[in-house]
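Peer 1: Heads up: the sequence shown begins at 10 in our numbering, then just goes up one per residue.
Don't be surprised by glycine CBs; every beta carbon is placed ideally from N, CA and C.
Treat the numbers as computed from the prediction; the structure is a model and nothing was measured.
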Amino acid sequence: MKKIVALIILVTLTLFKPVKVVASPETFLNLEEVNELSKSIVKIDYDMMDQSNGNLIQFRNELEHLFGKKKKYTDKNSAKKAQEKIADIYVTKKNSLDKYPYRTIIGMAYFEFFYAGQIDQNKKKIEKFKDKYPQIKKSQIKAIKNLYNLNEVRRKMRESIGFSLNDQPSEVIKSYIVLSKYLKNSKPKKIKLNSYEKKKTKLSQSFNKHLSIYEKNIMLKKQNRITDKVYKKDLEKNYKDIIKINKKIDNLNLKDNQINFEEERFKSLYKDITEIISTTDKRLKYKTSNYELALDSIYFVNEILKITKTKSIKSKYDQVWEKDFNIEKVLNNEEITYLTLLGQNTKRKKFIDNNKLQSSVLNLINNNYDIVNFISKTEKQFDTKIKAIKIDYKSFEEMKNWKKSDWANSWKGSIPLDLNDNKGNLIDFSDQDIEDLKAQLALNNFNNLFNNDEVNNIDIQNSIQDIQSTNISNLLNQDFSITLDNYSRILAEDAINRFGDQFDAQTIQEIRDNANFENLTAITNMEYGTNMTSSEYKSYWENAQYMDSTSTWGDVTRGVDLISNLSSFDAAAAAKELGADLQTVADSIAQAASVGISTDLEAAAQGLGYNSFSDAVNAYNTEHGTNYTEEEAKEALGQ
């Protein structure tokens, strides 16, 4: 009987086991993706609406800013008004967007309401699609496709300021409004462009447009939303369009057929980029259908175009800010906070984008794209550094055999070396110190670069893991003359020395507190582009030499913690119980004094077992061969 029951349960579980439904050309989206269309939709909360006084609605200020003062706001009317605003901003007055960039941003706020209205209008079609799935008629797919395309626009708009479709629409809309209010304070200054510069701008925009269409076709095929027939037909057409635009760029000349440096590098850039796309196109048609690699090549190209844009394309307008501009006069405290958070979002997005660019470069190099020479040529021609690419990458086979010196030589990021210690003395970094720092930065940059979902290719992932498990792990276990953790402390001390007169004791203490292994990730990520975890350097922190002393930073920091939390006697007694020697106790007292924490030296000496501070000084002199007087010792300890 038990066997029969078990068999029934097994059969039932098998029959009703959830199966993940994938998208197909016949359905375009799967059920999960259809549900995603209605994610994070702005909706006015009627229950909180006070018809006589809008103060009860937290979102009312934003609604008034966008739609004017009303007694009552509805989703339907807001969506209709938003559609009119979008048409006015992006269609009727599209030529003024360069002149007034704040309009682009406020248009994004309106788009949130417009999209919500489209979801509401098509909710019956969405439900019918779900009910009939996967037996969907072409007429039913059309509405879903339109919503998908609109949602992609909404996603890209949000990502442009560091948000995603997971964020609350009210927060996104508030951020759009704050940013637009801020940007509205700049004054447009028209730049006179000649006919050649206007043609350059027009052709570059056309190139970007067709490249985007080419990319979208590949993405749709990768996601299995279109048939092979449609994909190949559009791939051919879109590629021909790109080639046509590049030929027009190549034929572009100044008056009287003059040739100058800017013209040559502009043409050279687009020629080289088109060659990369041509390599991608040939592989897609005749070799393999490696869609991830193809999309990596397009992502790389787009990033290069962004980086070189300011030196290859002239804008129609410059945005000029008044020298005495005071943000507090145009934004309230809450809005300034939103603007600050927006800046953090943008930095976070930039960090993610930089990682993605590096992973794309590595993927392309290991698939025989001539990216290394292209990067070198571009940096030279445009007199710039592609800062996101921190390592001079080679093939995986080469990198597997790299030594510490190879990793050091591969590091392209800068390292500030003109630094002062806590006494204001210039620190002398040896050649070995510099090589060790550069090697560690390169090693950790590579080691942590792929702890994300950017690399989907299994072969690439395996190669990375191979290098991580052999080359990198062995190198990181070596002894370094100076660790990044210790270096971060030097950076903190240098900042204190340079700007200390602007800081109070509490701020200085916070700077020093933050310059430890727990915050090493933030310091190196923001300054050097690495992405280390604190645990990776905990062992180094524990054993890192404190200044020129025999103490370690770990022991001294724990000593400072005791001094700040216990009486001087108890702190010294506890340190003695923990095995601290006189040098470590002295270093802890000096470090505590440097951040404004005083120590009762007589009480501390007694806690260590001495009759007086004078006896402790004598014991120290005997142990270390020094001849400190009592007063000199007090001065050395910062008391």
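Give the straight-line distance between the Cα atoms of Gly-634 and Asn-627, rounded to the nearest whole angstrom.
Peer 2: 10 Å
Peer 1: Excluding sequence positions up to five away, which residues of its chain have a Cβ less than 8 Å from the Cβ of Lys-198?
Peer 2: Answer for Lys-198: Tyr-326, Asp-327, Gln-328, Val-329, listed in chain order.
Peer 1: Just the Cα atoms here: how many angstroms apart are Phe-526 and Lys-399?
Peer 2: Any reading at Phe-526 needs caution, since the residue's pLDDT is 38, under 50, leaving its predicted position unreliable; the model's value is listed next. So the alpha carbons of these two residues sit roughly 22 Å apart.
Peer 1: What is the DSSP secondary structure of Pro-197, reduced to helix, strand or coil?
Peer 2: strand
Peer 1: Can you tell me which of Ala-645, Asp-624, Tyr-619, Asn-636 puts its alpha carbon nearest to the alpha carbon of Ser-597?
Peer 2: Ala-645
Peer 1: Per the DSSP calculation, Ile-400 is bridged to which residue(s)?
Peer 2: Trp-420
Peer 1: Please classify Asp-327: does DSSP put it in a helix, a strand, or coil?
Peer 2: Three-state result, Asp-327: strand.
Peer 1: Going by C-alpha distance, which of Met-117, Asn-131, Leu-72 is nearest Arg-163?
Peer 2: Met-117
Peer 1: CB-CB under 6 Å to Lys-108, same chain, minus the five flanking residues each way: which ones, in chain order?
Peer 2: Pro-197, Tyr-326
Peer 1: Return the Cβ separation of Phe-216 and Ile-254 in integer angstroms, given the expectation that the two are a contact with Cβ distance under 8 Å.
Peer 2: 5 Å
Peer 1: Give me the Cα-Cα distance between Tyr-124 and Ile-424, rounded to the nearest whole angstrom.
Peer 2: 47 Å
Peer 1: From Ala-553 to Tyr-157, what distance separates their C-alpha atoms?
Peer 2: Low local confidence applies: a pLDDT of 49 at Ala-553 is under 50, so the model's placement there is unreliable, and no value is given.
Peer 1: With distances taken from CA atoms, which of Asn-410, Asn-39, Lys-80 is nearest Lys-141?
Peer 2: Asn-39
Peer 1: Name the residue from Glu-639, Lys-396, Lys-183 whose alpha carbon lies nearest to the alpha carbon of Ile-115.
Peer 2: Lys-183
Peer 1: Is there contact here, the stretch 371 to 382 with the stretch 415 to 424, by at least three beta-carbon pairs under 8 Å?
Peer 2: no
Peer 1: With a 10 Å radius around its C-beta and 16 neighbouring C-beta atoms as the bar for buried, classify Lys-447 as buried or exposed.
Peer 2: buried
Peer 1: When the Cβ atoms of the stretch 66 to 75 are set against those of the stretch 197 to 214, are three or more pairs found closer than 8 Å?
Peer 2: With a cut-off of 8 Å, the stretch 197 to 214 and the stretch 66 to 75 do not count as touching, because too few Cβ pairs lie within range.
Peer 1: Residues in its own chain within less than 7 Å of Leu-174 by CB, not counting five upstream and five downstream?
Peer 2: Once the five neighbours on either side are set aside, the close Cβ partners of Leu-174 are Lys-48, Ser-49, Arg-164, Arg-167.
Peer 1: On the three-state DSSP scale, how would you describe Ile-235?
Peer 2: coil
Peer 1: Looking only at its chain, what residues have a beta carbon closer than 7 Å to the beta carbon of Val-43, apart from the 5 residues adjacent to it on each side?
Peer 2: Ile-135, Phe-138, Lys-139, Ile-153
Peer 1: Whole angstroms are fine: how far does the CA of Asn-363 sit from the CA of Tyr-537?
Peer 2: Its pLDDT being 37, under 50, Tyr-537 is placed unreliably by the model, and nothing is read from it.
Peer 1: In whole angstroms, what is the alpha-carbon distance linking Asn-203 and Ile-98?
Peer 2: 27 Å
Peer 1: In angstroms with no decimal places, state the Cα-to-Cα distance between Glu-331 and Asn-194.
Peer 2: Distance between the alpha carbons of Glu-331 and Asn-194: 9 Å.
Peer 1: Tell me where the alpha helix (DSSP H) around Asp-84 begins and ends.
Peer 2: 84 to 96
Peer 1: May I have the straight-line CA-CA distance separating Leu-106 from Lys-403, to the nearest angstrom?
Peer 2: 42 Å
Peer 1: Which class does Asp-445 belong to by DSSP, given the choice of helix, strand or coil?
Peer 2: helix
Peer 1: Are Asn-247 and Tyr-279 closer than 8 Å when you measure CB to CB?
Peer 2: no
Peer 1: On the criterion of 16 or more Cβ atoms from any shown chain inside 10 Å, does Ile-313 qualify as buried, or is it exposed?
Peer 2: buried
Peer 1: Can you tell me the Cβ-Cβ gap for Thr-210 and Ile-316, rounded? I've got them flagged as a contact below 8 Å.
Peer 2: Not really, about 17 Å apart at Cβ, beyond 8 Å.
Peer 1: Would you check if the distance between the CB atom of Ser-189 and the CB atom of Tyr-111 is smaller than 8 Å?
Peer 2: Less than 8 Å separates the beta-carbon of Ser-189 from that of Tyr-111.
Peer 1: Give the secondary structure of Gly-171 by DSSP, where H, G and I count as helix, E and B as strand, and everything else as coil.
Peer 2: coil
Peer 1: Considering Pro-110, what are the terminal residues of the alpha helix (DSSP H) in which it resides?
Peer 2: 110 to 130
Peer 1: Return helix, strand or coil for Lys-133, following the three-state DSSP convention.
Peer 2: Lys-133: helix per DSSP, three-state reduction.
Peer 1: To which residues of the same chain is Glu-640 closer than 7 Å at the C-beta, ignoring the five residues directly before and after it?
Peer 2: none
Peer 1: Check this for me: beta carbons of Gly-171 and Asn-354, under 8 Å apart or not?
Peer 2: Taking 8 Å as the cut-off, the beta carbon of Gly-171 is found closer than this to the beta carbon of Asn-354.
Peer 1: So what does DSSP say about Asp-415, is it helix, strand or coil?
Peer 2: helix
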